[in-house]
Amino acid sequence: SGNDILLEGDNVGSAATIAVNVQSGSLNVQGGNGDGTANGQDAAAVINGQAITAAANDFAFSEGPGSYSFTVTNGFTGAIDPISIDSQAGLYDVVGGNGDGTANGADATAEINGQQLVADNNRFSITTAVGAFEIDFVGGFTGVFDAVTVTSTIAAFNIQGADENGLASGVDAVAVINGTQETAVGNQFLVTGEHGL
Numbered sequence: 005s006g007n008d009i010l011l012e013g014d015n016v017g018s019a020a021t022i023a024v025n026v027q028s029g030s031l032n033v034q035g036g037n038g039d040g041t042a043n044g045q046d047a048a049a050v051i052n053g054q055a056i057t058a059a060a061n062d063f064a065f066s067e068g069p070g071s072y073s074f075t076v077t078n079g080f081t082g083a084i085d086p087i088s089i090d091s092q093a094g095l096y097d098v099v100g101g102n103g104d105g106t107a108n109g110a111d112a113t114a115e116i117n118g119q120q121l122v123a124d125n126n127r128f129s130i131t132t133a134v135g136a137f138e139i140d141f142v143g144g145f146t147g148v149f150d151a152v153t154v155t156s157t158i159a160a161f162n163i164q165g166a167d168e169n170g171l172a173s174g175v176d177a178v179a180v181i182n183g184t185q186e187t188a189v190g191n192q193f194l195v196t197g198e199h200g201l
């Protein structure tokens, strides 16, 4: 335009640059960074009261209902029309479970000592000729577990009131009969009176 040359780059945003390198003669370069280079400028806007700087021409912002993004064309200035967004729940199919949108977990199953058992949740109860046992498994366990050996040991105990050999004897019964103290033989008292034994 007259003696002026206006240079514009194709790219946009602060990452885009243009540079002038004078090969011969003189050229007075004005504007830009003052050293023959210039950077583009990121787009800026006020959206719902928020001042937002774009990445080049790409805007992204968040507020209460959600997060949004859009891109403006190169060189656009001015106001954009209001944008209304309607969010609707999508339809989906539930497969499996009870067929009504619900599902129940399954009790654990196992073969123990040749018996097919169903647990109460993760607890198995086993009754054999030598006793009754319970075993709990952690949630999600699958596979083979090692053999379980149970040992029953008789506990020691102390006998009190016996002799040094652990023996104790009973005591004959004693009674007062007709004013006389008598000692039984076994569990019988023999009493001699004026009419006999």
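In this text, residue positions in the sequence shown follow the working numbering: the first is 5, and each later residue adds one. Cβ coordinates follow ideal geometry from the N, Cα and C atoms, glycine included. On a predicted model such as this, the values are computed, not experimentally measured, just so you know.
Exercise for review: Apply the 10 Å Cβ neighbour rule to phenylalanine 128 and answer buried if 16 or more other Cβ atoms are within range, or exposed otherwise.
Suggested key: For this step, residue 128 is matched to residue 124 along the sequence shown. Under this definition phenylalanine 128 is a buried residue.
Point to revise | Straight-line gap, phenylalanine 80 to phenylalanine 65 (C-alpha atoms, nearest Å) | key: By one-based count along the sequence shown, residue 80 stands at place 76. By one-based count along the sequence shown, residue 65 stands at place 61. Taking the straight line joining both Cα atoms gives about 19 Å.
Practice item. Let me know the secondary structure DSSP gives glutamine 34 once reduced to three states. Key: Translated into positions along the sequence shown, residue 34 becomes position 30. Glutamine 34 carries a coil assignment under DSSP once its states are collapsed to helix, strand and coil.
Exercise for review: Could you spell out where the beta strand (DSSP E) holding valine 122 opens and where it closes?
Suggested key: Locating residue 122 in the sequence shown gives position 118, counting from the first residue. Start and end: 119-122.
Exercise for review: Keeping to the same chain, check which residues put their C-beta closer than 6 Å to that of alanine 172; ignore five residues upstream and five downstream.
Suggested key: Taking the first residue of the sequence shown as 1, we reach residue 172 at position 168. Contacts found: Ala166.
Review point. Hey, valine 180 and alanine 188: beta-carbon distance below 9 Å or not?
Key: Walking along the sequence shown from the start, residue 180 turns up at place 176. Walking along the sequence shown from the start, residue 188 turns up at place 184. The criterion of a C-beta distance shorter than 9 Å is not satisfied by valine 180 and alanine 188.
Check your understanding: When you compare only the Cα positions, how much space is there between alanine 133 and phenylalanine 161?
Key -> Locating residue 133 in the sequence shown gives position 129, counting from the first residue. Locating residue 161 in the sequence shown gives position 157, counting from the first residue. Annotation: alanine 133 to phenylalanine 161 spans about 27 Å, alpha carbon to alpha carbon.
Review point. Along the chain, where does the beta strand (DSSP E) that runs through isoleucine 89 open and close?
Key: Residue numbering aside, residue 89 sits at position 85 when the sequence shown is read from its first letter. Counting along the chain, no beta strand (DSSP E) covers isoleucine 89, and no H or E run does either.
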